[in-house]
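What follows is a set of notes on a single structure, which appears directly below.
Residue numbers (this note's numbering): 838 to 1133.
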């Protein structure tokens, strides 16, 4: 079977369309694959939709990350020590899809593990597993031929990052082959560190809307239900990662094994985030073009 034989079926577009009808932003939760072990990670993953996650990012651990803060970097190393691999991550998605055919799954990580796996084989296996999109943080638009274009041709969405330092001159290149949604990194730094002010995020989102009709999800530095609600007023999606991954780390024993109640604590926190996001009505988007993100 070649990558073109199977395509992502538009789960990301359908989910954002449903959110627009509900007049609210979506909660995008990030978890690290295989952290602290494959079975606990899968239990967390499988319970995220019922806890209120609208979309799910699964971090693919990499030994030399460049955008991950200390919390997510530590989670990646725990998962690698526990034996996680790209093949096992895809098997986890397949297992998740056996019970959930609707929740969009986006893999977030770095190019090296995909290159080592083989691009064509990775795209084929990711689509077969039920992956909907990719966020590969170390591949700039100038390197689209490596993975972005093959992914788009195969039918996977390729979600691009924009940052506070992405100026209007650079933005067209960032948006050129973007699909699914646009991920706005709200701080100029690594994950889970400082938090951006709501006014700054609002200005950035409004600027991005002038250039794209893709949904805009905002992440990096969003740690509490209150901060998630504040971002939900202006963005289409609110990404929470380090706060969730940090909760996993807080519930391990000295040998990095899951303590009783870990999964319940993580999912309870996600439920608090979801309640805050769902209670927040999105502000009107004057002049915004209708979304037509299915460009692949």
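For each residue, glycine too, the CB sits at the ideal point set by N, CA and C.
Counting other Cβ atoms within 10 Å of its Cβ, residue 851 stays below 16 and is therefore classed as exposed. Residue 869 has 896 as its beta-bridge partners, per DSSP. A distance below 8 Å separates the beta carbons of residue 861 and residue 1117. Proximity of the stretch 948-961 to the stretch 859-873 falls short of the contact definition, fewer than three beta-carbon pairs being nearer than 8 Å. Taking the Cα positions, residue 879 is about 8 Å away from residue 933. Annotated three-state conformation of residue 942 is strand, per DSSP.
Annotated three-state conformation of residue 930 is helix, per DSSP. Between residue 926 and residue 972, the CB-CB gap reaches or exceeds 8 Å.
Comparing alpha carbon positions, the residue from 1100, 1077, 947 closest to residue 890 is 1077.
As DSSP reads the structure, residue 972 sits in a beta bridge with 945. Taken through DSSP and simplified to helix, strand or coil, residue 995 comes out as strand. DSSP, read as helix, strand or coil, puts residue 1019 in strand.
Taking the Cα of residue 1080 as reference, the smallest distance to any Cα among 1054, 868, 947, 982 is reached at 868. Of the residues 1088, 1092, 1093, the one whose Cα lies closest to the Cα of residue 1104 is 1088. By the neighbour-count criterion, in which 16 or more other beta carbons inside 10 Å mark a residue as buried, residue 982 falls on the exposed side. Under the 10 Å beta carbon count, residue 1052 is surrounded by 16 or more other beta carbons and is classified as buried. By the CB criterion at 8 Å, residue 923 and residue 945 fall outside the cutoff.
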